[in-house]
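Asker: Mapping of the sequence shown onto UniProt numbering: position 110 corresponds to residue 110, and the numbering continues sequentially without gaps.
Note that CB positions come from ideal geometry on N, CA and C, so glycine has one too.
A quick note: this is a predicted structure, and the numbers were derived from the prediction, not measured.
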Amino acid sequence: MTKFKNTNDKTMKNKDTLDHIDDIAQDASVWFFRLQDQEPSEKLFLEWQAWLAESDTNAAAFAEVEACWTALDEIRETSMTNQTQVNRTGHSRIWAYAGAMAASVALLVSAALFTIYGGGSDVPTATYQTALSDHKTVTLEDGSKITLGARSIVNVNYTEAQRQLTLVRGEAIFDVAKNKARPFIVQVGKGAVTAVGTKFNIHATERDVTVTVLEGTVEVTPLMQMASNTRARLPRVTVGETMSYAQDGTMTDVTPANVDAVTSWEQGLLVRVDTALSSVIADVNRYSSREIIIGDPELKDIKFTGTVLNNGVDDWLQGLSLAYPIKIVDTGHDAILLLKKDE
1 MTKFKNTNDK TMKNKDTLDH IDDIAQDASV WFFRLQDQEP SEKLFLEWQA WLAESDTNAA
61 AFAEVEACWT ALDEIRETSM TNQTQVNRTG HSRIWAYAGA MAASVALLVS AALFTIYGGG
121 SDVPTATYQT ALSDHKTVTL EDGSKITLGA RSIVNVNYTE AQRQLTLVRG EAIFDVAKNK
181 ARPFIVQVGK GAVTAVGTKF NIHATERDVT VTVLEGTVEV TPLMQMASNT RARLPRVTVG
241 ETMSYAQDGT MTDVTPANVD AVTSWEQGLL VRVDTALSSV IADVNRYSSR EIIIGDPELK
301 DIKFTGTVLN NGVDDWLQGL SLAYPIKIVD TGHDAILLLK KDE
């Protein structure tokens, strides 16, 4: 008797799951067709990105729609060649055809998503992390590589539809294997970086997230609350460029990057150019055996330019006290305090 009850419960659970997935598949299809406009608005783009970020299932559904539509390209093109005349704008007939096929695409997506998420099974997560002053390179199942900086953590969730990662803290270089049907998305703070096949560095601090592209192009999408009358940039970053976004979603402009400085940590150095001292200290603490604490708020925004040797933090601190109005106080415990020098 108990066995039959459990079976019925499972059947009901699967039905509820499938109903939910059907709704998501329909939403994903609608989003896909809305974005086929040659020049989608920036507001539409950001709304779509926010919908993607609501859940892994949403992102997987959209990826499945793209994959299904690609597979149907040959059928669509064959049908179109039978038309003797095509409207110059192309939109009315194409959209009519797309509308007729949308239901079929949604059904295919529902089936694929139920295979991935059905029955309440969780997508397995692999976690990689590094300790103090430690670097590690990890090769993922698709050939992509992650090089983690010190005291960094990344979670990896791979499905057939997408490659979803989360940089929990620290810094990493992502060298992505190309796969257009399976986007590579790294969520960091309140934003995400999307790539197909490229190489980029992400540096996360409590203040902001900085993305620097070493090869190819990525899309950087902070999840911001947009006022209805506000227009936002579409943040695409290409090779040799960098941009940042704060915890509230505020973005900087895309600017040329000092790639050698950004990736210097791979060689055991921290090269910083015109960087707030608070950010520099946060990075140094990933390599220091003793916590360095800025004890005077006035010191946090001092701009620092120079090189920090990862294996010579004490020497660097002494140099810092000579170049800036900073007093180094050894507390005698596991902390070093930075105070402003008396005039």
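#1: According to DSSP, Phe-184 sits in a beta bridge with which residue or residues?
#2: Can you tell me whether His-203 is buried or exposed, with buried defined as 16 or more other CB within 10 angstroms of its CB?
#3: To which residues of the same chain is Thr-125 closer than 8 Å at the C-beta, ignoring the five residues directly before and after it?
#4: Measuring alpha carbon to alpha carbon, tell me which of Gly-149, Lys-178, Gly-197 ends up nearest Gly-268.
#5: Take Thr-130 as the anchor and find which of Leu-140, Ile-153, Ile-146 has the nearest alpha-carbon.
#6: Thinking Val-196 and Leu-167 are a contact (beta carbons under 8 Å), I'd like their distance in whole angstroms, please.
#7: Do Ala-50 and Ile-24 have their beta-carbon atoms positioned less than 8 Å apart in this structure?
#8: Mapping the DSSP letters down to three states, classify residue 355 as helix, strand or coil.
#9: Please report the residue range of the alpha helix (DSSP H) in which Asp-260 lies.
#10: Helix, strand or coil for Ile-302? Go by DSSP, reduced to three states.
#11: Assuming Thr-147 contacts Ala-177 under a Cβ cut-off of 8 Å, what Cβ separation, rounded to an integer in Å, is found between them?
#12: Cβ of Asn-179 within 8 Å of Cβ of Val-262?
#13: Taking the beta carbon of Ala-335 as the centre, do at least 16 other beta carbons fall within 10 Å, making it buried, or is it exposed?
#14: What number of angstroms, rounded off, separates the C-alpha of Arg-207 from the C-alpha of Ala-246?
#15: Taking Lys-300 and Pro-325 to be in contact with their CB atoms under 8 Å, please state how far apart those CB atoms are, rounded to whole angstroms.
#16: Considering only DSSP beta bridges, list what His-203 is partnered with.
#17: Suppose you measure from the CA of Gly-191 to the CA of Leu-132; what does that come to, to the nearest Å?
#18: Do you know how far the Cα of Ile-281 is from the Cα of Leu-309?
#19: Compute the Euclidean distance between the alpha carbons of Asn-58 and Leu-52, then round it to the nearest angstrom.
#20: Out of Arg-169, Gly-170, Leu-165, state which residue places its alpha-carbon closest to the alpha-carbon of Arg-182.
#21: Kindly list the residues whose CB is nearer than 6 Å to the CB of Asp-142, restricted to its own chain and excluding five residues on each side of it in sequence; keep chain order.
#22: Leaving out five residues before and five after Ser-121 in sequence, what residues of the same chain have Cβ atoms less than 7 Å from its Cβ?
#23: Under a Cβ-count criterion, where at least 16 other Cβ atoms within 10 Å of its own Cβ denotes burial, should Ala-28 be classed as buried or exposed?
#24: Would you decide whether Ala-323 is buried or exposed? Buried here means 16 or more other CB atoms lie within 10 Å of its CB.
#25: Smallest Cα separation from Val-273: which of Asn-258, Thr-242, Ile-293?
#26: Which residues share a DSSP beta bridge with Asn-157?
#27: Are there 16 or more other CB atoms within 10 angstroms of the CB of Asp-330, so buried, or fewer, so exposed?
#28: Can you tell me whether DSSP reads Arg-34 as helix, strand or coil?
#29: Cβ of Val-218 within 8 Å of Cβ of Thr-242?
#30: So what's Pro-297 in DSSP terms, helix, strand or just coil?
#31: Would Val-313 and Val-271 qualify as a contact pair, given that the criterion is a beta-carbon distance under 8 Å?
Answerer: Quick answer:
#1: Arg-163, Ala-195
#2: buried
#3: Asn-155, Val-156, Asn-157
#4: Gly-149
#5: Ile-153
#6: Incorrect: roughly 18 Å between the Cβ atoms, too far for contact.
#7: no
#8: No answer is possible for residue 355: the residues shown for the chain start at 1 and end at 343.
#9: 259–262
#10: coil
#11: With a Cβ gap of about 14 Å, Thr-147 and Ala-177 do not count as contacting.
#12: no
#13: exposed
#14: 6 Å
#15: Actually they do not touch by this definition, with Cβ atoms about 13 Å apart.
#16: Glu-171, Thr-210
#17: 26 Å
#18: 13 Å
#19: 5 Å
#20: Leu-165
#21: Ala-177
#22: Unreliable placement is indicated for Ser-121, whose pLDDT of 43 sits below 50; the coordinate value is still reported in the next sentence. There are no such residues.
#23: buried
#24: exposed
#25: Asn-258
#26: Gln-164
#27: exposed
#28: helix
#29: no
#30: helix
#31: no
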